[in-house]
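A.B. asks: Quick note: the sequence shown uses our numbering, first residue 11, plus one each step.
Structure incoming, see below.
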Amino acid sequence: MNSATIYLDNATTSFPKPETVYEAVDTYQRRTGAAFARGTHGSESADSVADRCRHQLAQLIGAQDPRSVAFTFNATDGLNLLLRGMLRSGDHVLTTTLEHNSVVRPLEQLADRLSITVDYVPFDSASGVIDSNQFEQICRTQSPSLVVLNMASNVTGIVQPLSQMIRVAKSAAATVLVDGSQAVGHVPLNVETLEVDLLAAPGHKALGGPLGTGFVYVRPSLHDRMISFRCGGTGTDSSSVQQPALMPELLESGNLNMPGIAGLAEALTWRNTDEFRNLLERRHRQIPELIRRLSEVPRVTVCCEGSVDQNVGVVSFFVEGIDPHEVAVILSQSFGIQCRAGLHCAPLAHRTLGTESSGGTIRLSPGLFTTDDEIDQAIHAVSQIVSAY
Ligand SMILES: Cc1ncc(COP(=O)(O)O)c(C=O)c1O
């Protein structure tokens, strides 16, 4: 990426990363090098890096036992581990039309292969919030075994009223899985107080870690039910031909992405600095301003623009009369602005928003390092495109 580029695709993966993250990855690759839990040279350093990161993640999400946290390679990997590990033939899953294909595709495949049933509750296209009446009614009348909830949408950016929805799901005795991909790192989450049973999140988006990092949380009372679909060497209990039953080994077969985990640990440490706090403050000011100013551009419609306070910083819009992909290409080629256009791997969300057949939306997702000037340039660029067409 050249220095003139304005990167507004942090919902895909955050860029740049804090400087200490690059240093940690580099140091790990050059000086430590060892694999986790394999007893090779330097393995103690590897183990302490992984333990430190696991503790930091547990603390971040309020998990009492760090062993309930397992490393994954991204959120998709974690969602697959959790869904395939938890669901059994005949189960009924209740989820929402906000879900990313990382939830929808494994569920649809399991529906075909295991004859589970899946219901999708829609959201209100103006507020971006799940239809609580329909959600409550299905929970009450059909007692789903698993409820899968999106914490914040990668299309609208809107944070869902999780505590209210989880209360309803729990009163129907459902297990609750949360996809925290767009929210963890932006919105505080405590798995104990919220009673989240299962959580999947990336390390490489809002948390600022490297690509190839992610994690899952599994409530201790569910460890026994979890089956790992990724079996293999864990560096522990090598005399056994059975997959370890204990977390986190249960879900951590094969060598971990240790350089990535070293970077993620530094990214989590960086969140305690004044630099982070200052950038966060700027972001809290920037996002509502971006939504407000973009909405003022003629022919531009920002999805769920009224719910500014609930937006994690994922701003989707469309321009009347111009294909979203065309807008993105012009933003990139004429203004050096990197963003994403289309359905963002969430076709059901676009169906609910009414943007599926018109090619989806253009999505701007600023990051912590996005400057005010870059926001100004993005709004100016959209205005220029609108007036030229
Ligand atoms: C809501 C949501 N779920 C899951 C994913 C998949 O995340 P990953 O890229 O870490 O696999 C994304 C990615 O953008 C997402 O936005």
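For every residue, glycine included, the Cβ atom is placed at its ideal position computed from N, Cα and C.
No experiment lies behind these values; they were computed from the predicted model shown.
Which same chain residues, not among the five before or five after Val31, have their C-beta less than 6 Å away from its C-beta?
C.D. replies: Close CB contacts of Val31 within its chain, under the 6 Å cut and outside five residues either way in sequence, are with Gly273, Glu276, Ala277 (chain order).
A.B. asks: Ordered along the chain, which non-local residues of its own chain (more than five positions away) have a Cβ less than 7 Å from that of Pro230?
C.D. replies: Asp75, Ser78
A.B. asks: Please tell me whether Ile372 and Ala388 are closer than 8 Å, where the distance is taken between their beta carbons.
C.D. replies: no
A.B. asks: Less than 7 Å between the CB of Ala21 and some heavy atom of ligand 1, yes or no?
C.D. replies: yes
A.B. asks: Tell me Leu104's beta-bridge partners as DSSP assigns them.
C.D. replies: Answer by DSSP bridge pairing, in chain order: Asp129, Val157.
A.B. asks: Which full runs of the alpha helix (DSSP H) of 4+ residues lie inside the segment 260-323, going along the chain?
C.D. replies: 268-280, 284-305
A.B. asks: If you check the beta carbons only, do Gly88 and Asn200 fall under 8 Å apart?
C.D. replies: No, the pair does not count as a contact, with Cβ atoms beyond the cut-off.
A.B. asks: Within 7 Å: the Cβ of Asn84 and any heavy atom of ligand 1?
C.D. replies: yes
A.B. asks: Could you tell me if Arg64 is buried or exposed, where buried requires 16 or more neighbouring beta carbons within 10 angstroms of its beta carbon?
C.D. replies: Burial call: buried.
A.B. asks: Counting only runs of 3+ residues fully inside the segment 43-127, write out the beta strand (DSSP E) ranges in chain order.
C.D. replies: Whole beta strand (DSSP E) segments, 3+ residues: 79-82, 102-106.
A.B. asks: Whole angstroms is fine: what's the gap from Ile168's alpha carbon to Gln320's?
C.D. replies: Computed Cα separation, rounded: 5 Å.
A.B. asks: So Pro357 is in the alpha helix (DSSP H); what residue range does that whole segment cover?
C.D. replies: 357-363
A.B. asks: So, are the CB atoms of Gly316 and Ala136 less than 8 Å apart?
C.D. replies: Yes, these two residues count as a Cβ contact at 8 Å.
A.B. asks: Can you say whether His214 is buried or exposed, counting buried as having 16 or more other CB atoms within 10 angstroms of its CB?
C.D. replies: Classification of His214: buried, given that the 10 Å Cβ count is 16 or more.
A.B. asks: Which residues does DSSP pair with Gly352 in a beta bridge?
C.D. replies: DSSP output for Gly352 lists Thr371 as bridge partner(s).
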